Amino acid sequence: RPLVNRDEARLLYLCQCARGNNDVSFSVPEVNDLSANLKSIQSIGTLSPLDFTVVGLGDARTLTAGVVDGNYFNVVGLRPVLGRLIGPSDDGPNAPGVAVLTYKFWVATLHSDPSVIGKTIRLGSFQGTRSATVIGVLQPSVPYPVETEIIANIVTSPHHLSATMVTGRLHRMTEVFARMKPDSTLESARAELTAKYQAMRTAHPNDYKDNGLRFTVTRMHDQINSRANTVLWVLLAASGLLFLIACSNVANLFLARTVRREPEL
Numbered sequence: 019r020p021l022v023n024r025d026e027a028r029l030l031y032l033c034q035c036a037r038g039n040n041d042v043s044f045s046v047p048e049v050n051d052l053s054a055n056l057k058s059i060q061s062i063g064t065l066s067p068l069d070f071t072v073v074g075l076g077d078a079r080t081l082t083a084g085v086v087d088g089n090y091f092n093v094v095g096l097r098p099v100l101g102r103l104i105g106p107s108d109d110g111p112n113a114p115g116v117a118v119l120t121y122k123f124w125v126a127t128l129h130s131d132p133s134v135i136g137k138t139i140r141l142g143s144f145q146g147t148r149s150a151t152v153i154g155v156l157q158p159s160v161p162y163p164v165e166t167e168i169i170a171n172i173v174t175s176p177h178h179l180s181a182t183m184v185t186g187r188l189h190r191m192t193e194v195f196a197r198m199k200p201d202s203t204l205e206s207a208r209a210e211l212t213a214k215y216q217a218m219r220t221a222h223p224n225d226y227k228d229n230g231l232r233f234t235v236t237r238m239h240d241q242i243n244s245r246a247n248t249v250l251w252v253l254l255a256a257s258g259l260l261f262l263i264a265c266s267n268v269a270n271l272f273l274a275r276t277v278r279r280e281p282e283l
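Sequence positions in the sequence shown follow the working numbering and run 19 to 283.
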């Protein structure tokens, strides 16, 4: 099914994949290298999966969350149904903490309460606790990762402003999304980004020596549906197996009845 994301055909997902593991993500220096002087890409946005212990939305609870830069929502092409989303003005170490709720969480847990906008909450993680203001509710959509319940700006995570995160090329925990320019094709975008990635590896050989990483660029629609496709194939195989078992049982029953039938006089 189509995504609700604006111009979803132009939305890409970048992956630095290890052998047997598709969740290797990128570091901040790698994102900066890939983002520089691109011709086929309009903009790049990032999201770092991170669980928060949230205080201020009813009972304290741990939520599956994401920390994003100011380009993220514009890149993925989503809108708010209430309030506003995180934007460029919410970037940087001096920006106040802000958070956006996913539609599913807002409806299922907060019962679509519109008064949640403007509330101050506390977001705690293994790096510490920061305050944030709820500024919006995301439109019904398929978040990535799909379990995401709340999305905050980078300043809500002290770790994301630390030297380890900002300068560590091997400190990988960031998902990368790109939006192609209207006149670009998937092939041209993939070729340009792959060339950037190879140049980055060449410039830092010690950081990529024998690590088995490979770089892929896919449409976001295909990335979101990849797990669903796997589940569907498993279900199809299971259904086929059940069908074969049922046919075998019917055939055996028919054969048994034929063997037991007494001969006619």
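Ideal Cβ positions, reconstructed from N, Cα and C, are used throughout, including at glycine.
Bear in mind that the values here come from a model prediction, so they are computed numbers and not experimental data.
{"query": "Nonlocal neighbours in the same chain, by C-beta distance under 6 Å from L81, ignoring five residues either side", "result": "F70, V72, E167, I168"}
{"query": "Residue from L128, A150, A126, T127 with nearest C-alpha to K137", "result": "A150"}
{"query": "Cβ-Cβ separation, V155 to V118 (assumed contact under 8 Å), whole Å", "result": "7 Å"}
{"query": "Reference C35, options T220, M191, A207, closest by Cα", "result": "M191"}
{"query": "CB contact flag (S58, E210, <7 Å)", "result": "yes"}
{"query": "The stretch 168 to 181 contacting the stretch 20 to 35, beta-carbon criterion three pairs below 8 Å", "result": "no"}
{"query": "Nearest neighbour of G63, chosen from D240, G88, H177, A78 [CA to CA]", "result": "G88"}
{"query": "Cβ separation of V173 and R148, assumed to be a contact under 8 Å, to the nearest whole Å", "result": "7 Å"}
{"query": "Element boundaries [alpha helix (DSSP H), containing E205]", "result": "204 to 221"}
{"query": "Simplified DSSP assignment, three categories, for I242", "result": "helix"}
{"query": "Rounded straight-line distance, which links the Cα of T236 to that of L30", "result": "6 Å"}
{"query": "Beta-carbon proximity of S43 to G186, cut-off 7 Å", "result": "no"}
{"query": "Secondary structure of P67, DSSP reduced to three states", "result": "strand"}
{"query": "Cutoff 6 Å; reference H239; Cβ partners in own chain excluding five residues on either side", "result": "L21, E26"}
{"query": "Extent of the continuous beta strand (DSSP E) to which S143 belongs", "result": "138 to 143"}
{"query": "Per-residue DSSP class, three states only, for E167", "result": "coil"}
{"query": "Collapsed DSSP secondary structure at P47 in the structure displayed", "result": "helix"}
{"query": "For G142, the nearest candidate out of G74, F91, P200 (CA to CA)", "result": "G74"}
{"query": "E193 - partner residues in DSSP beta bridges", "result": "L65"}
{"query": "H178 versus G110 - alpha carbon distance", "result": "10 Å"}
{"query": "Under 7 Å between C-beta atoms of S66 and V49", "result": "no"}
{"query": "For P98, the three-state DSSP class (helix, strand or coil)", "result": "strand"}
{"query": "DSSP bridge partner residues for V86 (one or two, in chain order)", "result": "L65, N171"}
{"query": "Inter-residue CB distance, K214 and L52 (contact presumed, cutoff 8 Å)", "result": "5 Å"}
{"query": "Contacts around A181, its chain only, beta-carbon distance under 7 Å, and the 5 residues preceding and following it disregarded", "result": "none"}
{"query": "Pairwise C-alpha distance: V164 and I139", "result": "23 Å"}
{"query": "Limits of the beta strand (DSSP E) - the one that A117 falls within", "result": "116 to 119"}
{"query": "Range covered by the beta strand (DSSP E) that runs through V184", "result": "Taken as a continuous stretch (DSSP letters only), V184 belongs to no beta strand (DSSP E), being part of the alpha helix (DSSP H) at 181 to 185."}
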